[in-house]
Amino acid sequence: MLDRGKSKLPENTVATERFTIPKVAGHLEGNKTVISNFLQIANTIRRNPEHLLKYISRETAAKGEIKKQLLVFNTKIPSQKINEKIEQYVETYVICKECGKPDTKLTKEGVITFVRCQACGAKHSVNSKI
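By our numbering, the letter at position 75 of the sequence shown is numbered 78, and the numbering carries on one by one without gaps.
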């Protein structure tokens with residue numbers, strides 16, 4: 004009976020990855036790019052929206068500002084490019100270099116910014132020009 008029950012189960016029953024970054028949802032308004040789920044993305048990666056905005060603005064060379072729940076850039080930017088920049092941000096400022104988990108916090112000691120892992124205790128410095 005157990006073998007028969009196992010044979011009826013689907014191959015993949017659970018997702019193996021517990022940390023997934025939501026894709027950018029937005030639209031173009033004339034010459035502006037409007038991202039409607041920016042705060043959700045910042046909450047998912049557990050980072051300050053202003054810090055994430057500074058990084059994306061610097062990388063895309065586009066001025067952006069948060070208006071209520073929206074992020075508005077003053078130029079047209081493809082969503083694929085914004086998604087790439089968010090993934091680069093996560094690799095640099097969120098994912099632990101030692102254990103690969105997203106359970107990290109940004110701490111500043113003097114002029115140096117560190118990513119400190121809450122899971123394994125590792126600490127490494129990151130570019131603090133943002």
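From the three backbone atoms N, C-alpha and C, an ideal C-beta is built for every residue, glycine too. Please read all numbers here as calculations on a predicted model, not as lab measurements.
- For T107, the number of other beta carbons within 10 angstroms of its own is at least 16, and it is reported as buried.
- P81 places its beta carbon 8 Å or farther from that of F22.
- Sorting V37, P25 and H54 by C-alpha distance to the C-alpha of K79 places V37 at the top.
- N86 and L42 have their C-alpha atoms roughly 14 Å apart.
- Just so you know, the alpha carbons of T116 and K9 end up roughly 50 Å apart.
- Shown here for A45: same chain residues with a beta carbon closer than 8 Å to its own, the five before and five after excluded, namely N51, P52 and L55 in chain order.
- The beta carbon of V97 sits closer than 7 Å to the beta carbons of I48, R50, P105 and T107 from its chain, once the five residues preceding and following it are set aside; these are given in chain order.
- Listed as beta-bridge partners of F117 by DSSP are T110 and S128.
- Sequence-distant Cβ neighbours of E68 in its own chain, meaning closer than 7 Å and more than five residues away, are V75.
- Just so you know, the alpha carbons of C123 and Y58 end up roughly 26 Å apart.
- According to the DSSP assignment, F41 belongs to the alpha helix (DSSP H) that extends over F41 to T47.
- By the neighbour-count definition (other C-beta atoms within 10 Å, threshold 16), V118 is a buried residue.
- By the neighbour-count criterion, in which 16 or more other beta carbons inside 10 Å mark a residue as buried, K88 falls on the buried side.
- For E53, the secondary structure class from DSSP, reduced to helix, strand or coil, is helix.
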